[in-house]
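> Those letters in the sequence shown? Residues 233 to 397, by this note's numbering. Where a beta carbon is used, it is the ideal one built from N, C-alpha and C, also for glycine. Quick caveat, the model's predicted, so the values are computed rather than measured. Have a look at this one.
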Amino acid sequence: MAKLIKNRAFVENDKWHRVADDQPVNEYSIITLERWNTEHHDLQRFASAGKLGLWLSSEQTIEQFEGVFRNFGVIAIDFPKFTDGRGYSAARLLRERLEYSGEIRATGDVLIDQLFFMQRVGFDAFELRDDQDEAEALKAFTTFSNPYQGDVADQRPLFRRQARG
Numbered sequence: 233m234a235k236l237i238k239n240r241a242f243v244e245n246d247k248w249h250r251v252a253d254d255q256p257v258n259e260y261s262i263i264t265l266e267r268w269n270t271e272h273h274d275l276q277r278f279a280s281a282g283k284l285g286l287w288l289s290s291e292q293t294i295e296q297f298e299g300v301f302r303n304f305g306v307i308a309i310d311f312p313k314f315t316d317g318r319g320y321s322a323a324r325l326l327r328e329r330l331e332y333s334g335e336i337r338a339t340g341d342v343l344i345d346q347l348f349f350m351q352r353v354g355f356d357a358f359e360l361r362d363d364q365d366e367a368e369a370l371k372a373f374t375t376f377s378n379p380y381q382g383d384v385a386d387q388r389p390l391f392r393r394q395a396r397g
């Protein structure tokens, strides 16, 4: 089972769980977009209560779920390999363009080296690959103390953040 980080701490018992398309859905299930598209009438009761999550593959774009994303308490974005950067774009667009305020979770091939950058684009939960060191993972959030570029939390570049007056 993947090691989950939320709020820069490891979580032992997470209420959210991913379900396959042929498994029953209950509270705090994370489902695929395809399942939502075919069963949304039956699943709306969980979504309305904030107790349904959405799992996105790297091939899916925010345009495919732009009209329904607010139905989900968590959006899990899959990284099939650590070199696939499409999830970064999806998270940033969710936060900035769509103003999604729920949890955005990185899943799949998530490495320690990515954590600092993932948080900057809007991820706030991270399912680490099993072989990643927990102590090193928590240090990764402070890899850089003062980045030059803005991020989703503060879009001002460094020179604007340091400007006086």
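#1: Determine the direct distance from the alpha carbon of residue 335 to that of residue 191, and round the result to whole angstroms.
#2: Buried or exposed: residue 293, going by 16 or more other Cβ atoms within 10 Å of its Cβ?
#3: What does DSSP give as the partner residue(s) for residue 358 in the beta ladder?
#4: Report the three-state DSSP secondary structure of residue 268 (helix, strand or coil).
#5: Can you say whether residue 374 is buried or exposed, counting buried as having 16 or more other CB atoms within 10 angstroms of its CB?
#6: Looking at C-alpha atoms only, which residue of 280, 281, 269 is the closest neighbour of residue 253?
#7: Find the nearest neighbour of residue 249 within the set 261, 338, 347, judged by alpha-carbon distance.
#8: Drop a sphere of 10 angstroms on the beta-carbon of residue 221, count the other beta-carbons inside from all chains shown, and report buried for 16 or more, exposed for fewer.
#9: If you measure between the beta carbons of residue 357 and residue 263, is that distance less than 8 angstroms?
#10: Compute the beta-carbon to beta-carbon distance between residue 311 and residue 353, rounded to the nearest angstrom, for a pair I have assumed lies under 8 angstroms.
#11: In whole angstroms, give me the CA-to-CA distance for residue 348 and residue 355.
#12: Using only CA atoms, which one of 344, 327, 315 lies nearest to residue 361?
Well, looking at it:
#1: Because the chain here runs from 233 to 397, residue 191 falls outside it and cannot be looked at.
#2: The residue is exposed, with fewer than 16 neighbouring Cβ atoms inside 10 Å.
#3: DSSP links residue 358 through a beta bridge to 237, 338.
#4: In the structure shown, residue 268 sits in a helix (DSSP, three-state: H, G or I).
#5: Taking a 10 Å sphere around the C-beta of residue 374, we find fewer than 16 other C-beta atoms and assign the residue as exposed.
#6: Ranking the options by Cα distance to residue 253, first place goes to 269.
#7: Out of 261, 338, 347, 261 has the C-alpha closest to the C-alpha of residue 249.
#8: An answer regarding residue 221 cannot be provided, because it is not within the stretch 233 to 397 covered by the chain.
#9: Contact: no.
#10: Between residue 353 and residue 311 the Cβ distance is about 12 angstroms, and since that is not below 8 angstroms, they are no contact.
#11: Rounded to whole angstroms, residue 348 to residue 355 spans 10 angstroms at the Cα level.
#12: Ranking the options by Cα distance to residue 361, first place goes to 344.
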